[in-house]
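Before any comments, here is the structure.
There are 2 protein chains.
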Amino acid sequence: MEKIKVAIVGYGNLGKGAEKAINLAEDMELVGIFTRREPKTIESQSKVYSLENILDFKGEIDVCILCGGSATDLRSQGPEIARHFNTVDSFDTHAKIPEYFNDIDLAAKEGNNLSIISTGWDPGIFSMNRLLAQSILPQGETHTFWGEGVSQGHSDAIRRIDGVIDATQYTVPIEESIERIKAGEKVNFTPRDKHKRICYVVAEDGADKEEIEFKIITMPDYFVDYNTTVHFISEEELKKNHKKMVHGGRVLRIGETSQATKQVYEFKLDLDSNPEFTSSINVAFARAVYKMRQEGKIGAITVFDVPISYLSNLTAEEQRAKLL
Amino acid sequence: MEKIKVAIVGYGNLGKGAEKAINLAEDMELVGIFTRREPKTIESQSKVYSLENILDFKGEIDVCILCGGSATDLRSQGPEIARHFNTVDSFDTHAKIPEYFNDIDLAAKEGNNLSIISTGWDPGIFSMNRLLAQSILPQGETHTFWGEGVSQGHSDAIRRIDGVIDATQYTVPIEESIERIKAGEKVNFTPRDKHKRICYVVAEDGADKEEIEFKIITMPDYFVDYNTTVHFISEEELKKNHKKMVHGGRVLRIGETSQATKQVYEFKLDLDSNPEFTSSINVAFARAVYKMRQEGKIGAITVFDVPISYLSNLTAEEQRAKLL
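Chains as they are written, first to last, in the UniProt record's numbering: chain A, 1 to 324; chain B, 1 to 324.
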């Protein structure tokens, strides 16, 4: 059987996760990792190439998995690569998705390629659950909770404060609120009711810890709307106990199919490695992109447009016999 | 906007649930209920017709939702109706699915129609989760648990015992086993390790309760492989407390994306009404069948073949903007 030829663009946490996931996929081979850095500086068992030379690989790559960040890389890199290759990305700036979709759609159609945007778990399979749950239970409310897990964005925000050497921020869902929702209570939660934030911070010697704590808990957008706890710990302890990229979350929909008939739909993830799980999803969608492109589909699509059968390397007969 | 014209075939619990779900769907109208019984005997606010006359409605029905039972009705009724109309059914005899799929595929193609088989929650959205989870996490184990909820099949089996007037059987998942799986333990569970069975039984006056209990707990296929508890109660108590068709369950996949990196995927339902929830799913898939047939698709399909976007009455733009 001919294998699906996949390339990884970008070799941060997501790129490393994609490399592992491709190696677990029997129907795929990794053409190589494409990086903006000097290829020789990348430590990997795989082939590493300069991103500048990716066009030399036209015809040798079935799908590129774009592993750059949304804010910095994907906004421009996504359309550029979609013009030349089928792509998968996990663009996650929710508010910019419609605009990004249009740019990718245009670029992919120009190049006769197919691109799926915003895969991963949120956006991604959480979105699929939100849409599925709402379609099944039109009368109801959907709630998304995240955590317990590390938010890179919030950890970065703390690190930018003067006097902070390093930090890890955990987003923690408030279980009592989840129980109230599941019990069928009609709620109108503020951000503070749904999540709390716990921060582990390494301060410089002699830094004013009270001031750092004040700056964290009053920080607009990131912390001010939540109950936030700050723990100052040593650099050693942070490295030992708080550098795992654990995460998770859940999508809940409580619907009524008739008077006082409550139906609870829940999807939950509990992840030891957020980037490895995200990349595993991206790799499964790379398989779908390959198959759908083979069938003639071009342009931009999302997780909403992909039948689940396309994510699997089993035949349709095997799927029906074993998993239906 | 033109509404999707839906018919219900069969008016048991699933048919009643479908009627409620169609009334909640703004983009659908119920053409009528088709029954093998005398239409006048059916109590419903909807139009009721004899199933014998359904061919008179050719061109007036976009999709028929088949609400008969798998064992008795669907095996023959499914292909007959698929020859003349697009259909949705919740055929749930897992072992017979491949054979039923082929029969429906042939019949639907003869009639230039599209039929989805085996929707509902298991088979149905549980199957979607099993396939999705396995596709994302190829290295791992999937476990399905059912309950706590009423199994009609097991309740019926008890009712067939001499001296039994009525009975309700609850299938109860063993939470401790679920916790062991989530903790990452490699398990090799027997049926007894995963579920227990609790029976509420109304016996005739003077019946030998010990003998009834013995017959239940030793019944092959249904009870002998499980820890089963039997409670004898009054008919009044059974009617008051044990006639709700509650059910639920969960699909769990524990995967590893790299050495000792555990990823827990969980999908869970907790349902006040099993038939109403099943029917709500069937109605959402009726929408998908309508759209996919409009695009020219014919033959038999399953839940694996349907992009989630097709289940929704939102436009693709709305879906991306609001739910991705």
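We treat Cβ as the ideally placed atom computed from N, Cα and C, and that holds for glycine.
Contacts of residue i in chain B (Cβ-Cβ under 9 Å)
| i | result |
| --- | --- |
| residue 200 of chain A | The premise fails here: residue 200 of chain A is roughly 21 Å from chain B at the closest Cβ pair, so nothing lies under 9 Å. |
Within chain A, partners of residue i - CB distance below 9 Å
| i | result |
| --- | --- |
| residue 264 of chain B | 248, 268, 269, 270, 271, 272 |
| residue 312 of chain B | 131, 132, 134, 135, 304 |
| residue 139 of chain B | 24 |
Residue i versus the options, residue with shortest Cα-Cα distance
| i | options | result |
| --- | --- | --- |
| residue 45 of chain A | A/53, A/38, A/52, A/32 | A/32 |
| residue 27 of chain A | A/5, A/166, A/234 | A/5 |
| residue 125 of chain B | A/136, A/229, A/149, A/55 | A/136 |
| residue 267 of chain A | B/183, B/92, B/132 | B/132 |
| residue 72 of chain A | A/24, A/252, A/90, A/169 | A/90 |
| residue 147 of chain B | B/304, B/312, B/284, B/250 | B/250 |
| residue 10 of chain B | B/50, B/1, B/203, B/95 | B/50 |
| residue 177 of chain B | B/118, B/187, B/169 | B/187 |
| residue 117 of chain A | A/21, A/101, A/243, A/127 | A/101 |
| residue 169 of chain A | A/258, A/52, A/223 | A/223 |
| residue 57 of chain A | A/13, A/88, A/8, A/68 | A/8 |
| residue 127 of chain A | A/55, A/160, A/252 | A/252 |
| residue 84 of chain B | B/160, B/318, B/63, B/171 | B/63 |
| residue 149 of chain A | A/108, A/196, A/179, A/181 | A/196 |
| residue 306 of chain A | A/258, A/317, A/292 | A/292 |
| residue 207 of chain B | B/65, B/233, B/40, B/156 | B/233 |
| residue 38 of chain A | A/107, A/53, A/78 | A/53 |
| residue 321 of chain B | A/277, A/22, A/13, A/99 | A/99 |
| residue 257 of chain B | A/209, A/23, A/299 | A/23 |
| residue 316 of chain B | A/300, A/231, A/315 | A/300 |
| residue 192 of chain B | B/214, B/226, B/220, B/204 | B/226 |
| residue 154 of chain A | A/210, A/78, A/219 | A/219 |
Beta-carbon neighbours of residue i, restricted to chain A and to distances below 8 Å
| i | result |
| --- | --- |
| residue 321 of chain B | 97, 98 |
| residue 334 of chain B | The structure shown has nothing for residue 334 of chain B, since chain B only spans 1 to 324. |
| residue 125 of chain B | 132, 136 |
| residue 57 of chain B | Within chain A, no residue comes near residue 57 of chain B; the closest Cβ sits about 26 Å away, beyond 8 Å. |
Through-space distance from residue j to residue i, alpha-carbon basis
| i | j | result |
| --- | --- | --- |
| residue 173 of chain B | residue 279 of chain A | 32 Å |
| residue 264 of chain B | residue 113 of chain B | 40 Å |
| residue 185 of chain B | residue 80 of chain A | 45 Å |
| residue 120 of chain A | residue 282 of chain A | 6 Å |
| residue 15 of chain B | residue 3 of chain B | 20 Å |
| residue 260 of chain B | residue 324 of chain B | 31 Å |
| residue 246 of chain A | residue 167 of chain A | 15 Å |
| residue 229 of chain B | residue 271 of chain B | 23 Å |
| residue 190 of chain A | residue 163 of chain A | 31 Å |
| residue 96 of chain A | residue 254 of chain B | 33 Å |
| residue 309 of chain B | residue 288 of chain B | 8 Å |
| residue 216 of chain A | residue 93 of chain A | 23 Å |
| residue 104 of chain B | residue 75 of chain B | 9 Å |
| residue 269 of chain A | residue 145 of chain A | 10 Å |
| residue 212 of chain B | residue 161 of chain B | 7 Å |
| residue 200 of chain A | residue 143 of chain A | 27 Å |
| residue 285 of chain B | residue 248 of chain B | 20 Å |
| residue 47 of chain B | residue 40 of chain B | 10 Å |
Closer than 7 Å at the beta carbon, the chain A residues around residue i
| i | result |
| --- | --- |
| residue 306 of chain B | 307 |
| residue 21 of chain B | 257 |
| residue 261 of chain B | 272, 273, 276 |
| residue 280 of chain B | 136, 137, 257 |
| residue 90 of chain B | In chain order: nothing, as chain A lies at least about 12 Å away. |
Buried versus exposed call for residue i [16 or more other C-beta atoms within 10 Å across all chains shown]
| i | result |
| --- | --- |
| residue 86 of chain A | buried |
| residue 275 of chain B | buried |
| residue 194 of chain B | buried |
| residue 243 of chain A | exposed |
| residue 139 of chain B | exposed |
| residue 181 of chain B | buried |
| residue 241 of chain B | exposed |
| residue 34 of chain B | buried |
| residue 294 of chain A | exposed |
| residue 111 of chain A | buried |
| residue 19 of chain B | buried |
| residue 311 of chain A | buried |
| residue 165 of chain A | exposed |
| residue 55 of chain A | exposed |
Contacts of residue i in chain B (Cβ-Cβ under 7 Å)
| i | result |
| --- | --- |
| residue 101 of chain A | 320 |
| residue 128 of chain A | 308 |
| residue 118 of chain A | 324 |
Any chain D beta carbon closer than 8 Å to residue i
| i | result |
| --- | --- |
| residue 178 of chain A | No chain D is present in this structure, whose protein chains are A and B. |
> Any residues in the stretch 38-50 of chain B with a beta carbon nearer than 7 Å to a beta carbon of chain A? Which ones, in chain order?
Replying inline: With the criterion set as a beta carbon lying under 7 Å from some beta carbon of chain A, the stretch 38-50 of chain B has no members that meet it.
> Which residues, taken in chain order from the stretch 284-296 of chain A, show a beta carbon closer than 8 Å to some beta carbon of chain B?
Replying inline: Per Cβ criterion, the list reads 284, 287.
>> Which residues of the stretch 60-83 of chain A have a Cβ closer than 8 Å to any Cβ of chain B? Give them in chain order.
In response: Those would be none; no residue qualifies.
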